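K.L.:
Here's a structure for you.
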Amino acid sequence: MLNAFSISLTGSDDAGCQRAARSLGQQGMAPAASLEWPGGRLQAWSNPVQAEGGSTLVETAQGAACCVGPLWYRGLFGNEALRRLIEEADSPARIDESALRGNFALFLRRGERAWLLNDALGFVRIHAGGDGRFHSTSWLAARAYGGYSDIDEAAAIEYVLLGASHSDRTVARGVTTLELGHGLDLATRRPWRRFEHGLGRGGPPPASLDAAVEHLAAHLHTVFGEVAAAFPGRTAAALSGGFDSRLVLAGLLAHGERPRLFVYGDEGSADVRIARQVAQAQGLPITVVDKDAGNRALPEPDREALVRSALFLDGLPNDGIHDPGADRHTRLAQSAGGFVALNGGGGEIFRNFFHLPEGRFRTRHIVEAFYRGFDARVFRRAGGLAAYRDGLAASMGRVVDIASATADGAARALSRPETELVYPLFRCHFWMGLNNGTALRHGWFATPLVDLELVRAASVLPLAWKNAGALEARLIAALHAGVASQPSSYGFRFADGPGPRARWAEWVHGRRPVALRPLINAVRRRTTKARPHPDFVARARVLFPGEWRLDALLDLQRLPDDDAFARALSIEVVSRELAP
Numbered sequence: 080m081l082n083a084f085s086i087s088l089t090g091s092d093d094a095g096c097q098r099a100a101r102s103l104g105q106q107g108m109a110p111a112a113s114l115e116w117p118g119g120r121l122q123a124w125s126n127p128v129q130a131e132g133g134s135t136l137v138e139t140a141q142g143a144a145c146c147v148g149p150l151w152y153r154g155l156f157g158n159e160a161l162r163r164l165i166e167e168a169d170s171p172a173r174i175d176e177s178a179l180r181g182n183f184a185l186f187l188r189r190g191e192r193a194w195l196l197n198d199a200l201g202f203v204r205i206h207a208g209g210d211g212r213f214h215s216t217s218w219l220a221a222r223a224y225g226g227y228s229d230i231d232e233a234a235a236i237e238y239v240l241l242g243a244s245h246s247d248r249t250v251a252r253g254v255t256t257l258e259l260g261h262g263l264d265l266a267t268r269r270p271w272r273r274f275e276h277g278l279g280r281g282g283p284p285p286a287s288l289d290a291a292v293e294h295l296a297a298h299l300h301t302v303f304g305e306v307a308a309a310f311p312g313r314t315a316a317a318l319s320g321g322f323d324s325r326l327v328l329a330g331l332l333a334h335g336e337r338p339r340l341f342v343y344g345d346e347g348s349a350d351v352r353i354a355r356q357v358a359q360a361q362g363l364p365i366t367v368v369d370k371d372a373g374n375r376a377l378p379e380p381d382r383e384a385l386v387r388s389a390l391f392l393d394g395l396p397n398d399g400i401h402d403p404g405a406d407r408h409t410r411l412a413q414s415a416g417g418f419v420a421l422n423g424g425g426g427e428i429f430r431n432f433f434h435l436p437e438g439r440f441r442t443r444h445i446v447e448a449f450y451r452g453f454d455a456r457v458f459r460r461a462g463g464l465a466a467y468r469d470g471l472a473a474s475m476g477r478v479v480d481i482a483s484a485t486a487d488g489a490a491r492a493l494s495r496p497e498t499e500l501v502y503p504l505f506r507c508h509f510w511m512g513l514n515n516g517t518a519l520r521h522g523w524f525a526t527p528l529v530d531l532e533l534v535r536a537a538s539v540l541p542l543a544w545k546n547a548g549a550l551e552a553r554l555i556a557a558l559h560a561g562v563a564s565q566p567s568s569y570g571f572r573f574a575d576g577p578g579p580r581a582r583w584a585e586w587v588h589g590r591r592p593v594a595l596r597p598l599i600n601a602v603r604r605r606t607t608k609a610r611p612h613p614d615f616v617a618r619a620r621v622l623f624p625g626e627w628r629l630d631a632l633l634d635l636q637r638l639p640d641d642d643a644f645a646r647a648l649s650i651e652v653v654s655r656e657l658a659p
């Protein structure tokens, strides 16, 4: 497979392209294929560690196509799908978006015209340099192209506090990402809106819960049937005690796949106990992966090890680069041998993710409800918290505008379907888009529970069907009754659905006033004394003495946990050790 690509258009900076190529080489990538057209050049890269043959680059008499990540079109996979796209797409408007699935970044050329796009939900990021002449799936490569060493302060704060920058800006000032629901015309260097009538238009809801389950289950059968056909006997999946991983397993088993299973946690964890029981009931072996134990057996990473981790993970992954080695080993193992690693991320589209009751909410309400899980005193500058909240609310409003084909998403109360779309199109687009792109650098990876059809269909369903996981439990049972009959970490079997206790807990959780949720979080932080571990902070400050890039913006010792501090450390490592 191909693990990355870069595109240099006519007039691009030669020295910048050389810097980007060196960066990709340092990241462990090797040149795998290339093509030229009158407007520029594409260079595709592969990861030799995971080499399993084949190249998702196709040239025909009509044009060419290249993708990073798994791509299905009209039921075809990989190169066959690319050939069909070349055949049909004499313009991007001819692509049937409802028939295009997967997690991918796509270059498409027809004659002398060429376009760049990703999956509809933007789950693989495409980065651009500030001059509009260089694009890459690698953030480090785009950063190196322009020599961008300055930090975008707002993007850096969001990355540290939330695990990803939640706008089209990135931590490197000058590097941006392709906007949700858009493609790029490489001839004019202008984006176009792919969904003229709104990305999230879901139509009327089904007449009953039974009808909703039937429709969603039928589509999930299509999705998992395509996965099974593309990767027969080569599927892998994490399993826990929760909904989403069980739904993935149910979908695979329904199509005859017996996936390679693994579970994260120590021997005493509920996830391990439940996952083993589920796997045993299906006669499947399962591997227990205790990352904490694995890391304890390894030395704490020094400067050199942190740099290696940054290069492996493209600079700034969701959890930061402070990895003694267990995370990198797991990423390689899950897709070794040409397996596709399936992740249940995004399955919360079938549940009430934000735990908001019925009613209309503004984007600032959702920011308060979900994106304020930290001490307000973490901001050093006056107005820092307000700028953070306003920036998130404005970015969320932009996503709502793309979803609904409107222009006032940040200024008005959202309809319930729009509120439901915020989770997949805002939270998942930015957070999972970063994670998926990082995973695809080292092997096949996909999140099959979220695609355009599923997101649209789920957004219009009554909230009562989603609460306490009632809908998703029904979906698991519809795909595989045996998997649904096993225990879960929610206190009920999915075959039975949520009982009175689970529904009551959901109701109480959802009734918390939005304005009070930051205060509730503050009480919880004080009770648990949530802070980065002092030893971790001290070791990092010894490794990188002096003032850090974010010290003027954030009080790093007031961050909510080790992961947030690890992200601040990641920015420091990239800034000091990886000269663009």
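So for the sequence shown, the numbering used here puts the first residue at 80; every next one is plus one. By construction, the Cβ of each residue, glycine as well, lies at the ideal position given by its N, Cα and C atoms. The structure displayed is predicted, hence computed values, not measured ones.
(1) With H, G and I counted as helix, E and B as strand and the rest as coil, what does DSSP make of Y502?
(2) At the 8 angstroms Cβ level, is A144 part of the contact set with chain D, yes or no?
(3) With 16 other CB atoms within 10 Å as the buried threshold, where does G90 fall?
(4) Going by other Cβ atoms of all chains shown within 10 Å of its Cβ, with 16 needed for buried, is L598 buried or exposed?
(5) Within a Cβ cutoff of 6 angstroms, which residues of the same chain sit near T498, ignoring the five residues on either side of it in sequence?
(6) Tell me where the beta strand (DSSP E) around G181 begins and ends.
(7) Where do the N-terminal and C-terminal ends of the beta strand (DSSP E) with P270 fall, by residue?
(8) My guess is that L326 and G426 are in contact by the Cβ rule of under 8 angstroms, so how many angstroms apart are they, rounded?
(9) Specify, as a first and last residue, the run of the beta strand (DSSP E) that A109 falls within.
(10) Can you grab the Cα-Cα spacing for the pair S414 / M511, in whole Å?
(11) Name the DSSP beta bridge partners of C145, please?
(12) Could you give the DSSP three-state label for T409: helix, strand or coil?
(13) Could you give the distance in angstroms between the alpha-carbon of R520 and the alpha-carbon of A83?
(14) Would you be able to state if there are at least three C-beta pairs under 8 angstroms between the region 170-181 and the region 95-108?
(15) Kindly give me the distance between the Cβ atoms of T526 and L392, rounded to whole angstroms, as I take these residues to be in contact under 8 angstroms.
(16) Let me confirm a value: T255 is counted as buried when at least 16 other C-beta atoms fall within 10 Å, else exposed. Which label applies?
(17) Can you tell me whether V203 is buried or exposed, with buried defined as 16 or more other CB within 10 angstroms of its CB?
(18) Roughly how many angstroms lie between the CA atoms of L421 and A461, to the nearest whole one?
(19) Could you check whether R637 and I78 sit closer than 8 angstroms to each other, using their CB atoms as the reference points?
(20) Classify G119 as helix, strand or coil using the three-state DSSP reduction.
(21) Nearest-angstrom Cα distance between T409 and S217?
(22) From P364, G488, R443 and A220, pick the residue whose C-alpha is nearest to that of V660; which is it?
(23) Where are the alpha helix (DSSP H) runs, 4 residues long or more, that stay fully inside the region 296-351, in chain order?
(24) Is the beta carbon of A199 closer than 8 angstroms to that of W116?
(25) Could you check the C-alpha separation between H508 and Y502 for me, to the nearest Å?
(26) If you check the beta carbons only, do E551 and F429 fall under 8 angstroms apart?
(27) Using the rule of at least 16 other Cβ atoms within 10 Å of the residue's Cβ for burial, across every protein chain shown, is Q356 buried or exposed?
(28) Where do the ends of the beta strand (DSSP E) carrying A83 lie?
(29) Work out the CA separation of V478 and A251 for me, nearest whole Å.
(30) Report the rounded CA-to-CA distance for E656 versus R382, giving the unit in angstroms.
(31) Does DSSP classify V254 as helix, strand or coil?
(32) Output the boundary residues of the alpha helix (DSSP H) element that contains D642.
(33) Going along the chain, which residues of its own chain have a beta-carbon closer than 6 angstroms to the beta-carbon of P403, five neighbours each way excluded?
(34) Within the chosen definition, does the region 318-336 reach the region 544-564 through at least 3 CB pairs nearer than 8 angstroms?
(35) If you pair each beta-carbon of the region 126-146 with each one of the region 163-171, do three or more pairs fall below 8 angstroms?
(36) Once you ignore the five residues that flank D634 on each side, which residues in its own chain have a CB closer than 7 angstroms to its CB?
P.N.:
In short:
(1) helix
(2) In the structure shown, chain D does not exist; there is a single protein chain.
(3) exposed
(4) exposed
(5) F440
(6) L179 to G181
(7) R269 to R272
(8) 6 angstroms
(9) A109 to W116
(10) 18 angstroms
(11) L136 and F186
(12) helix
(13) 7 angstroms
(14) no
(15) Not confirmed; about 18 angstroms, so no contact.
(16) buried
(17) buried
(18) 44 angstroms
(19) Residue coverage of the chain in this structure runs from 80 to 659, which leaves residue 78 outside it and unanswerable.
(20) strand
(21) 21 angstroms
(22) Residue 660 lies beyond the stretch modelled for the chain, which goes from 80 to 659, so this question has no answer here.
(23) 322-333
(24) no
(25) 8 angstroms
(26) yes
(27) exposed
(28) A83 to L88
(29) 22 angstroms
(30) 9 angstroms
(31) coil
(32) D641 to E656
(33) N374, L377 and P380
(34) yes
(35) yes
(36) R456, V457 and R459
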